[in-house]
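First up is the structure itself, then whatever we jot down about it.
Residue numbers (my numbering): 5 to 234.
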């Protein structure tokens, strides 16, 4: 059954996803808190496309420092979310800006995540493309870093990410859903809804509410057909 990412993006949020993953014993799926969205309203959800960056200190004669990066961008499919690992936080590796944002939008990507730097912030905000970053700086990546591999396991902001995983990001942070936990069944939807309801009850108790109101998103999640489960 195909996952409706647009529908789930509107219903889910990182806190309930993180709680659900905790309940399944996956307690290291949330990226470190220095990863922030360019805009607080940014939300992304989709399959990851990984890129592994390493520091470089020059551009060799005849070398195209963007070669692997361009290959990945050209291979993006609608709904993909590029995730670039830069061993962040970094003060020198800035793999993303206006040009790659434009290319990603043209190929139907739905967002971007990196633990490195980004630049061209005004242009990216104007484009309305969700970008989650480890910092902002004006640097070009040429001569400072290079994508060495693509579509391989990476570690980004403290989370091990493999091709086939899903990524969800909102104002609270970024969570990686391991591919082996993706279960397109209604039963799994009930599991996630139950966890979400517990989260809602806990919040209500903290605020002294006798009968916490069920979040409409939690109610809707009971019939969602593509969710986490095990």
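Here a beta-carbon is modelled for each residue, glycine too, at the ideal position from N, C-alpha and C.
_Simplified DSSP assignment, three categories, for residue 181_ = In the chain shown, residue 181 corresponds to position 177, counting from 1. In the structure shown, the three-state DSSP call for residue 181 is strand.
*Decide if residue 168 is buried, meaning its Cβ has at least 16 other Cβ atoms within 10 Å, or exposed.*
Taking the chain shown and counting its residues from 1, the one referred to as residue 168 is at position 164. With fewer than 16 Cβ atoms within 10 Å of its Cβ, residue 168 is classed as exposed.
*Taking the DSSP output, what are the residues bridged to residue 79?*
Within the chain shown, residue 79 is the residue found at index 75, counting from 1. Its beta-bridge partners do not exist; DSSP assigns none.
*Can you name, in chain order, every residue of its own chain whose Cβ lies under 6 Å from the Cβ of residue 183, other than the five neighbours on each side?*
By one-based count along the chain shown, residue 183 stands at place 179. For residue 183, where only same-chain residues beyond five positions count, the Cβ hits under 6 Å are 168, 169.
_Residue environment, residue 89, which counts as buried when at least 16 other CB atoms sit within 10 Å_ = Looking up residue 89 in the chain shown gives position 85. Counting of Cβ neighbours within 10 angstroms places residue 89 among the buried residues, the total reaching 16 or more.
*Count the other CB atoms, across all protein chains shown, that sit within 10 Å of the CB of residue 163; report buried if there are 16 or more and exposed otherwise.*
Locating residue 163 in the chain shown gives position 159, where the first residue counts as 1. When all chains shown are included, residue 163 counts as buried.
*Spatial neighbours of residue 189 within its chain, please: CB distance less than 6 Å, with the 5 preceding and 5 following residues excluded, ordered by chain position.*
Counting from 1 along the chain shown, the entry for residue 189 is found at position 185. Residue confidence is low: residue 189 scores 35 on pLDDT, short of 50, so the model does not pin down where it sits. Its coordinate-derived value is still stated next. The beta carbon of residue 189 sits closer than 6 Å to none of the beta carbons in its chain outside the five residues before and after it.
_I'd like to know if the segment 17-24 and the segment 101-115 are in contact, where contact means that at least 3 CB-CB pairs between them fall below 8 Å._
Flag = no, the segment 17-24 and the segment 101-115 do not touch.
_Between residue 126 and residue 101, how many whole angstroms is the CB-CB distance? I'm expecting something under 8 Å._
Against the chain shown, residue 126 aligns to sequence position 122. Against the chain shown, residue 101 aligns to sequence position 97. Their Cβ separation, rounded to whole angstroms, is 11 Å, which puts residue 126 and residue 101 out of contact at 8 Å.
*When DSSP builds the beta bridges, which residues end up paired with residue 58?*
Walking along the chain shown from the start, residue 58 turns up at place 54. According to DSSP, which records beta bridges pairwise, residue 58 is partnered with 150.
*Give the secondary structure of residue 72 by DSSP, where H, G and I count as helix, E and B as strand, and everything else as coil.*
Locating residue 72 in the chain shown gives position 68, counting from the first residue. Secondary structure of residue 72 (DSSP, three-state): helix.
*asked:* So if DSSP puts residue 36 in a beta bridge, which residue, or which two residues, is it bridged to?
replied: On the chain shown, residue 36 is found 32 positions in, with the first residue counted as 1. The bridge partners DSSP lists for residue 36 come to none.
*Identify every residue that forms a DSSP beta bridge with residue 19.*
On the chain shown, position 15 is the one that residue 19 refers to. DSSP lists no partner for residue 19.
*Using only alpha-carbon positions, find the residue among 137, 107, 79 that is nearest to residue 160.*
Counting from 1 along the chain shown, the entry for residue 160 is found at position 156. The shortest C-alpha separation from residue 160 is found at 137.
_Applying the 10 Å Cβ sphere with the 16-neighbour rule, what's the burial state of residue 121?_
Counting from one through the chain shown, the residue named residue 121 turns up at place 117. By the 10 Å Cβ count, residue 121 comes out buried.
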